[in-house]
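Start counting the sequence shown at 87; every next residue gets the next number (the numbering used here).
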Amino acid sequence: EQMEERKFARARNDRASGQANEQEWLEDSISESKQKASLGKRNMNKFEEVIKLKQVGERKYKQVKIDKSVSE
Numbered sequence: 087e088q089m090e091e092r093k094f095a096r097a098r099n100d101r102a103s104g105q106a107n108e109q110e111w112l113e114d115s116i117s118e119s120k121q122k123a124s125l126g127k128r129n130m131n132k133f134e135e136v137i138k139l140k141q142v143g144e145r146k147y148k149q150v151k152i153d154k155s156v157s158e
């Protein structure tokens, strides 16, 4: 009878540690996903900045072109 009790106790412990491991794994994968998302967001922000700089540069270039044609 003690053997049966030990088996059940071991099974309960295994189940509990299995759930704990699963919970840890889930939390790790969630935090990893959040890190990837924030990295992606930062890359998008950099990309948007580059586009804005390019647009500003184009506007300035057009302005210079217009100024030159006016002065000629």
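Backbone N, C-alpha and C define an ideal beta-carbon position, used for all residues, glycine too.
Computed from a prediction, not measured in an experiment: that's the story for all the values here.
Determine the DSSP secondary structure at E113, reduced to helix, strand or coil.
helix
Backbone CA spacing between A97 and E113 [nearest angstrom]:
24 Å
What three-state label does DSSP hand E87 in the structure shown?
coil
Between the C-alpha atoms of V150 and K138, what's the straight-line distance to the nearest angstrom?
18 Å
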